[in-house]
Amino acid sequence: MIKRIQGWLPLRVLAAYGESQASNYASALAFAFMLAMFPLILGLLSLVGLAIGDPATETKAQNLIIQIFPGAAQQELLDALRGVKHSAGWMGLLSLAGLLWSASSIFSTMEFAFAQIFGARQRDMVRQKLMGLVMMTLLVVAVGLTVAANAVAALFPFAWVTGFIIGTVVMVGLLVMLYRFVPNRTFAVRDVFPGALLAGVLVEVFSLGFPLYARLAGGFNTYGAQFGLFFLLAAWFYILSELILLGAVFNQFRLGRPMAKGLVSSPIHESREVRRPIEVIENKKDAYQPARAVAPAAPAQLSRGKGFGGYLV
């Protein structure tokens, strides 16, 4: 009975996820999300401001973008954004540069995590940056679709049901793009869909249940709204990253090593091999050390024993 339960596919996937230590990569990915969050939001708002030039429209776009994040963190995020925007007039230009930086930060970390899970090589540096820029464009489109989905869902009587369905469709589509395009070597679209469906549904379920978690963890505000916002978003991004990587593990569990080329992929001879840090350190240490002269072999010692003259020759 126990063996039958252990052989159940969901438990085998969870065991593979835990023993592969993929959660370590989720921590790095969540940190990249945290660092890129404000530059990404400010960059999007700057693009809206440059394209429309209407402060009222920019404020409305800001409120819609904030709805992507957990409800418990939205007011603190709005206050933080107002403080940043009023702190310097040249913040718009910096935020546009930050939008480009965010692309390399998020998707470089994500490619590294996927390469570890899939056992694939990474792109060279130039192609990795190009991939990040293209994926950032697709991410902006996905954010726009999510904002539109929230606006449409509010028009229906059962808004949370409609929002869940539309949000799941958008999230699954985004995850299909992530699994298909971010790794240097990956799988076909039809192959990555099951993992994207699993992760997408779990992300939306988690989004519905996160307000309850935020209410139970209300002690975060003990040290002030700023610290409460940090811990809340850190937990949000960490669990989101865990679910994204769980979908990737599920795809690798089903399909093995990937063969299809990702977006702006590097040829094998130009790809970077993912190696353990100790291997890289030892290789760099030995590469610049002068070769040592090999000492001549010492003459063989004669072993004392029984034989002619008391020695064995």
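For the sequence shown, the positions run 8 to 320 when my numbering is used. Where is the CB? At the ideal position from N, CA and C, for every residue including glycine.
Which residue marks the beginning of the alpha helix (DSSP H) containing residue i, and which one marks its end?
| i | result |
| --- | --- |
| F269 | Just to set this straight, residue 269 is Gly in the shown sequence, not Phe. Careful: G269 lies outside any alpha helix (DSSP H) and carries neither H nor E. |
| L182 | 166 to 188 |
Taking DSSP as the reference, what is the three-state secondary structure of residue i?
| i | result |
| --- | --- |
| Q28 | coil |
| R130 | coil |
| G96 | With a pLDDT of 48 at G96, under the threshold of 50, the predicted position of this residue should be treated as unreliable, and no value is reported. |
| T144 | helix |
Under 8 Å by Cβ, that's how I've got residue i and residue j pegged, so tell me the actual separation to the nearest angstrom.
| i | j | result |
| --- | --- | --- |
| E277 | D131 | 5 Å |
| S248 | L47 | Actually they do not touch by this definition, with Cβ atoms about 15 Å apart. |
| L182 | G269 | Contact flag wrong, Cβ pair sits at about 15 Å. |
| I275 | R128 | 7 Å |
| Q135 | S112 | Their Cβ separation, rounded to whole angstroms, is 11 Å, which puts Q135 and S112 out of contact at 8 Å. |
| L252 | A22 | Their Cβ separation, rounded to whole angstroms, is 15 Å, which puts L252 and A22 out of contact at 8 Å. |
| M117 | L185 | 7 Å |
| Y256 | M138 | The sequence given here has Val at residue 256, not Tyr. V256 to M138, Cβ: 21 Å. No contact. |
| Q6 | F125 | Because residue 6 is not part of the residues shown, which for the chain are 8 to 320, the question remains open. |
| L262 | L209 | Rounded, the Cβ-Cβ distance is 20 Å, inconsistent with contact. |
| A156 | V177 | 6 Å |
| V199 | R187 | 5 Å |
Let me check you understand the geometry: is the CB of residue i closer than 7 Å to at least one non-hydrogen atom of the ligand HEM?
| i | result |
| --- | --- |
| V189 | This structure lacks the ligand HEM, and indeed carries no ligand of any kind. |
Inspect the CB distances between the region 235 to 246 and the region 177 to 194 and report whether three or more fall short of 8 Å.
Short answer: they don't touch.
Across the region 143 to 156 and the region 201 to 213, are there enough close Cβ pairs to call them in contact, namely three or more that are closer than 8 Å?
Contact fails: fewer than three Cβ-Cβ distances are below 8 Å.
Would you check if the region 134 to 145 and the region 168 to 178 touch, i.e. whether three or more CB-CB distances between them fall below 8 Å?
These segments do not touch.
Specify whether the region 194 to 207 and the region 160 to 167 touch according to this definition: at least 3 beta carbon pairs, one from each stretch, less than 8 Å apart.
Touching, no, given that fewer than three Cβ pairs across the two stretches are closer than 8 Å.
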